[in-house]
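Residue numbers for the sequence shown, in the working numbering: 1486 to 1764.
The structure under discussion appears below in the form of structure tokens.
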Amino acid sequence: MTIPNTPDASPLGKPAAYQTQYQPSLLFPIARLGKREEIGISGTLPFFGVDIWNAYEVSWLNLRGKPQVAIATFTVPADSPNIIESKSFKLYLNSFNQTRLADKDALLQLLRTDISAGFGAPVHVALATAEAFAELKLQELQGLLLDRLDIEVDEYQPNPALLKSDPDQVVVEETLVSHLLKSNCLVTGQPDWGSVQIHYVGAAIDQESLLKYLISFRDHNEFHEQCVERIFMDLMRNCRPQKLSVYARYTRRGGLDINPWRSNFSTSQPPLNWRQARQ
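Next comes the structure, spelled out in structure tokens:
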């Protein structure tokens, strides 16, 4: 019987020797199920979505030993059984640093195979090499900025009871944005900084209460993907929108950023992977 990996057994918070020759065994998958059960998700998922990972420190050698560099993007389906712990992902990517490969397609093939095996589902992988860097987009999340509100805050652990909406109000469709999302790594407690975009159809959500709720994650320890799913579920239960999308863009650590998106809009397409100023 295989014992599932747990966050405390991961490379997080532990000294690690960086391998510079290709080593796929460095990847450390963690099952999504446990944290989902914690927030009341079992059986059919109440959302679909993706986790968009951007890796800015990708390098390998060509067959003549000359270094090559690229930015890699991994688009992971939200229904994959696993996440991959981010430090192990970084260690894996660094194992290519002194690995000779014929071309970027050879790298892509290895990445697709190994990363898909780790997540337990097909993962889309794209590489932008140096000649394409100037084409990469920089744009902030679009929507009404909640941070303009002058509020008093005294709760820094997630409190869904803060969320308010009036079911007697007319149905609205709006997009709200905040740059004040902060949580902490589940294992090390290191800060994770993010921006969040909430698009919904339903009774108007009280904006002050929503901003207080988002700020209440400030001392909470949880991985990025889990925070976004917690926000989605808390909004569904407490505000009961007809439709909901939650998208977070987190700043990078160790050359990686993770950007989860969850939605139940039947016509939704994954958001554009445009980097923000803080990323």
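Glycine included, each C-beta is placed from N, C-alpha and C at the ideal position.
All of these numbers come straight from a predicted model, not from anything done at the bench.
What residues in its chain sit with their C-beta under 6 angstroms from that of residue i, if we drop five residues either side in the sequence?
i: ARG1585; result: LEU1546 and LEU1548
i: VAL1608; result: PHE1559, VAL1561, ILE1600 and SER1601
i: THR1487; result: Model confidence at THR1487 stands at a pLDDT of 49, short of 50, so the residue's coordinates are unreliable; what they give is reported in the following sentence. Excluding residues within five positions, none has a Cβ falling inside 6 angstroms.
i: PHE1647; result: The displayed chain sequence assigns Leu, not Phe, to residue 1647. Contacts found: SER1694, LYS1697 and TYR1698.
i: ALA1689; result: GLN1654 and VAL1657
i: THR1505; result: ASN1582 and GLN1583
i: SER1435; result: This structure gives no information on residue 1435, because the portion of the chain shown stretches from 1486 to 1764.
i: HIS1684; result: THR1660 and SER1730
i: ILE1524; result: ARG1715 and MET1718
Does DSSP put residue i in a helix, a strand or coil?
i: THR1487; result: Unreliable placement is indicated for THR1487, whose pLDDT of 49 sits below 50; the coordinate value is still reported in the next sentence. In this structure, THR1487 counts as coil in the three-state DSSP scheme.
i: TYR1577; result: helix
i: ALA1514; result: As written in the sequence, residue 1514 is Pro, which differs from the Ala given in the question. Looking at PRO1514 - three-state DSSP - the assignment turns out to be strand.
i: ASP1590; result: helix
i: HIS1705; result: coil
i: VAL1610; result: strand
i: ARG1725; result: coil
i: LEU1741; result: strand
i: PHE1533; result: strand
i: PHE1750; result: coil
i: ARG1763; result: coil
i: ALA1502; result: coil
i: SER1527; result: coil
i: TYR1507; result: coil
Kindly give me the distance between the Cβ atoms of residue i and residue j, rounded to whole angstroms, as I take these residues to be in contact under 8 angstroms.
i: ALA1555; j: LYS1589; result: 7 angstroms
i: GLN1761; j: SER1680; result: 6 angstroms
i: ILE1569; j: LEU1512; result: 6 angstroms
i: LYS1575; j: LEU1729; result: With 8 angstroms as the limit, LYS1575 and LEU1729 do not qualify as a contact, their Cβ atoms being about 32 angstroms apart.
i: THR1736; j: ARG1715; result: Actually they do not touch by this definition, with Cβ atoms about 19 angstroms apart.
i: ILE1515; j: ASN1567; result: 6 angstroms
i: HIS1705; j: PRO1643; result: 5 angstroms
Here's a check: name, in chain order, each residue in its chain whose Cβ is nearer than 8 angstroms to the Cβ of residue i, leaving out the five neighbours to either side.
i: ASP1564; result: LEU1530, PHE1533 and ALA1606
i: GLN1627; result: THR1660, VAL1662 and GLN1682
i: SER1544; result: PRO1552, GLN1553, VAL1554, ALA1555, PHE1581 and ASN1582
Taking 7 angstroms as the cut-off, is the C-beta of residue i nearer than that to any heavy atom in the ligand PLP?
i: LEU1699; result: As for the ligand PLP, it is missing from this structure, which has no ligand bound.
Quick one: what's got a C-beta closer than 7 angstroms to residue i's C-beta in the same chain, skipping five residues either side?
i: GLN1692; result: LEU1631, LEU1634 and LEU1661
Q. At which residue ranges does the region 1613-1692 contain complete beta strand (DSSP E) runs of 3 or more residues, listed in the order of the chain?
A. Runs of the beta strand (DSSP E) inside the region 1613-1692: 1656-1669 and 1676-1688.
Q | Ranges of the beta strand (DSSP E) found wholly within the region 1539-1578, counting only runs of at least 3 | A | List check, beta strand (DSSP E) in window: 1552-1562 and 1567-1569.
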